[in-house]
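A short write-up of the structure that comes next.
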Amino acid sequence: MLALEERFMIRELYRKGVSISEIARQTGRDRKTIRQAVNAPDLLPPKHPRQVKVCKIDPYAPYLELRMAEGVLNARKLYGEILAQGYPGKESKVREFVHERRPDKEPTGTVRFETAPGEQGQVDWGSFGFITHHGRTYRLYAFVMTLGWSRASYLRFTICSDTTWFIRCHLHAFAYLGGVPKRLLYDNLKSVVLRRDAEDVVHWNPRFLDFADVAGFAPQACKPSRPQTKGKVENGVKYVRGNFWPGLHFRDLEDLNTQALAWLNTTANPRVHGT
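Put into structure tokens, the structure is as follows:
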């Protein structure tokens, strides 16, 4: 049975156009095994279902997503429509639902960046102290994705740093930037890398590796001894601290991210980069 990392490597080679025979030669596996790995529907085994808390808005989510796909983004209008269908919750929940799924930028129709060989993006987290949100105090984090070629950036603040929110931030970034880079570089975040063994072999977070496979990009973990590999993102975090953050006033997390989006559109991304 193939290990998770080997299955991912085989599928990545196949996605790049390497033939099944050539992959078999490179890996020492027979062609039947390679075909099975390429055609496997999932990298992860099916998980046992677990109980989740059902929100009042959940039964109406498919309808709301359909209406939003049709271009209806007015939360009050959508609230009225599902209220007539028996929705028992508050309008504020509908506003949150729409806000979380509203695209930050109109999509360009591009599903993958057509760039020079080796084109990539870089991702990192930055810690920004604490924030009061809905009457409680949370640690505040910033997610930064920077494209290697254009240096276009995406910034989003969050009070969660688990794998679920890490993946969600990627989806927001892909929507804002208009596509998915071919490769993404990471530090050794637990959401990405579980550990490195004595031979410096990366053991990936299987949930994140599965997400990368579905989304269509190859993750690359930077070596701890070479932090300069991710200089563009680290500079991006530094730029946020030095140019966006000082003297900033915001009411809550939503207001903070609204100001961050405006800053991206008017200051960060239009600027001319020196490299």
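Residues in the sequence shown are numbered consecutively from 26, following the working numbering.
Glycine is no exception: its CB is placed at the ideal position from the N, C-alpha and C atoms.
Rounded separation between residue i and residue j - CA only
i	j	result
F199	V205	6 Å
Q61	I48	13 Å
L210	G53	28 Å
N294	A177	5 Å
L165	F182	7 Å
G146	R266	20 Å
R36	R220	22 Å
S46	W190	39 Å
G143	R208	Low per-residue confidence applies at G143: pLDDT is 36, beneath 50, and the placement is therefore not dependable, though the value from the model is reported in the following sentence. Spanning the two alpha carbons is a distance of roughly 8 Å.
R120	L234	32 Å
H195	T157	24 Å
D149	C247	11 Å
E90	D225	44 Å
Y201	R126	12 Å
R193	A109	31 Å
G42	W270	44 Å
G151	L214	12 Å
As assigned by DSSP and simplified to three states, the class of residue i
i	result
P13	Absent from the model: residue 13. The displayed extent of the chain is 26 to 300, so no value can be given.
D222	coil
H228	strand
E139	Caution applies to E139, whose pLDDT of 41 falls short of 50 and renders its modelled position unreliable; the value that the coordinates give is listed next. Three-state DSSP puts E139 in coil, outside helix and strand.
H159	coil
G261	helix
G96	coil
Strand pairing of residue i, partner residues [DSSP]
i	result
F33	Beta-bridge pairing links F33 to no other residue.
A167	G151, F182
A177	Answer is none; A177 lacks a bridge partner.
P244	L209
G42	Paired residue(s): none; G42 is not in a bridge.
For residue j and residue i, believed in contact at Cβ under 8 Å, the rounded distance
i	j	result
A167	F153	6 Å
L180	L289	6 Å
M170	V123	Their Cβ separation, rounded to whole angstroms, is 23 Å, which puts M170 and V123 out of contact at 8 Å.
Cβ-heavy atom distance, residue i to the ligand HEM, below 7 Å
i	result
C80	The ligand HEM is not part of the structure shown, which contains no ligands of any sort.
Contact with chain B by residue i, beta-carbon distance below 8 Å
i	result
F153	Among the chains of the structure shown, chain B does not appear; only one protein chain is present.
Suppose only complete runs of 3+ residues qualify. What are the beta strand (DSSP E) ranges in the segment 185 to 220, listed by chain order?
Runs of the beta strand (DSSP E) inside the segment 185 to 220: 208 to 211.
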